[in-house]
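Only one structure is covered here, and it is reproduced in the block below.
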Amino acid sequence: MNIHEYQAKELLAKFGVPVPAGFAAMSVEEAVAASRQLPGPLYVVKAQIHAGGRGKGKFKELGPDAKGGVRLARTEEEVRAAATDMLGNTLVTIQTGEAGKQVNRLYVTDGVDIAKEFYLALLVDRATGRIAFVASTEGGMDIETVAHDTPEKIHTFAVDPATGFQPHHGRAVANALGLKGDLAKQAASVASKLYDAFLGTDASQIEINPLAITDDGKLLVLDAKVGFDSNAMFRHKDLAGLRDETEEDPAELEASKYDLAYIKLDGDIGCMVNGAGLAMATMDIIKLNGMFPANFLDVGGGASKEKVTAAFKIILADPAVKGILVNIFGGIMKCDIIAEGIVAAAKEVNLSVPLVVRLEGTNVEKGKEILSNSGLAIVPANDLGDAAKKIVAEVQKAA
Ligand code: ADP
Ligand code: MG
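Residue numbering for the sequence shown follows the UniProt record's numbering, beginning at 1 and increasing consecutively.
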């Protein structure tokens with residue numbers, strides 16, 4: 001689960017991380033009111049979307065010469081103008097894809113005089129299973145470009161969970177950023193607080209870009225991207241309210257309500273499978289037969305008829321789906337339950353694309369009988385290879 005910059009900064013501030021003052025705003029009037037509560041003379045109006053690159057982004061509605069999603073303002077009128085330009089419009093950045101994202105929230109924050117910008121991130125290093133710091137003096141810009149062109153400017157090191165964050169980790173961050181004296185102390189302190197925040201919230205990433213030195217020698221977090229491990233969210237009921245469902249894929253959101261593991265992909269064949277391993281194998285064999293899966297969907301081990309129905313509806317609601325392959329191994333999950341779910345859903349939503357079903361395992365005969373008695377145009381398959389061949393053939397025939 002990802003959150004907005006303003007939420008990330010409020011959260012980090014609770015752990016003692018230094019951030020500039022600021023307020024979220026949902027309307028132009030709220031943005032102006034927010035600026036009145038800040039000292040000035042410089043304000044920054046920032047579009048809140050779950051994507052970076054806002055500063056260099058472009059609004060679809062405003063044309064190529066208009067400014068991006070991070071704007072400096074010196075007067076109330078400038079704050080008003082920036083807010084009016086952004087709210088309700090679609091911001092396209094290198095991270096949003098061409099479709100862009102609609103801006104529904106703003107953050108109005110203190111503008112600071114920046115002497116230098118750094119990059120500092122914490123993430124889980126999957127190779128070592130440890131929380132790792134990534135630090136670079138090349139902040140404020142696209143870190144992927146830095147990693148590609150000048151990898152020697154990116155420093156990484158992991159923290160041993162047995163010792164936790166130690167003073168030497170703080171010094172390592174300060175060194176990586178080339179800081180000495182008081183600034184080195186500030187960097188070590190920020191790093192330690194970020195580590196506490198990461199552990200304390202079961203984060204999956206905290207990315208600060210830029211971490212800035214101000215003209216008066218203070219280290220400040222100017223942009224923060226925070227994501228949490230969804231599997232740990234049950235431990236953080238207080239964080240659940242930070243979720244912004246408008247930022248999520250509607251189908252994935254619907255799937256999460258039924259506890260289905262669903263991920264939208266780019267191909268044509270919708271897949272409904274039980275078990276992640278079987279789902280991967282099914283996707284592979286579709287590719288082997290020359291087409292691509294439209295989604296990954298694992299209905300899980302003990303799915304009910306309702307869950308199967310919901311899964312089926314989600315697949316069918318995707319306009320990209322030209323055919324559906326159901327591949328179920330009935331273990332705990334019985335084949336007749338699956339068959340009932342498929343029939344119920346197909347009747348409810350008016351099945352308009354070819355459907356191939358491969359069932360195997362517990363109550364398989366009962367399941368096959370339900371399908372063949374349903375009156376629906378379901379193509380039965382004997383095994384996985386057969387199923388993949390058949391769905392590809394059916395889709396090509398229908399095209
Ligand atoms: P994004 O990464 O989405 O483009 P940032 O928050 O990093 O958005 O803002 C882009 C740039 O705008 C920063 O690198 C920084 O130079 C400037 N900026 C952001 N916040 C402030 C601020 N509070 N005061 C002054 N400049 C800022
Ligand atoms: Mg940034």
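Built from N, CA and C at the ideal position, the CB exists for glycine as well.
- Going by beta carbons, residue 272 and residue 343 fall outside the 7 Å limit.
- When C-alpha distances from residue 252 are compared across 222, 263 and 244, the shortest belongs to 263.
- In the three-state DSSP reduction, residue 396 falls in the helix class (H, G or I).
- In the pairwise beta carbon analysis, the region 125–136 is classified as not touching the region 103–115: fewer than three pairs are separated by under 8 Å.
- Of the heavy atoms belonging to ligand 2, none sits nearer than 6 Å to the Cβ of residue 142.
- About 17 Å separates the beta carbons of residue 261 and residue 284, which is beyond the 8 Å limit, so they are not a contact pair.
- According to the DSSP assignment, residue 380 belongs to the beta strand (DSSP E) that extends over 378–381.
- When 189, 85 and 233 are compared, the shortest CA-CA separation from residue 3 is found for 233.
- At the C-beta level, residue 179 and residue 191 stay beyond 7 Å of one another.
- Three or more Cβ pairs closer than 8 Å define a contact, and the region 72–81 meets that threshold against the region 41–52.
- The Cβ atoms of residue 100 and residue 46 lie no closer than 7 Å to each other.
- With a beta-carbon spacing of about 16 Å, residue 115 and residue 208 fall beyond the 8 Å limit used to define contacts.
- Look at residue 194 here: in three-state DSSP terms it is helix.
- Secondary structure of residue 43 (DSSP, three-state): strand.
- As for any beta strand (DSSP E) of minimum length 3 sitting wholly inside the region 233–310, the runs are 261–264, 269–273 and 295–298, ordered along the chain.
- Ranking 357, 174, 118 and 222 by CA distance to the CA of residue 13 puts 222 first.
- Annotated as distal: residue 174 and residue 155, with beta-carbon spacing of 7 Å or more.
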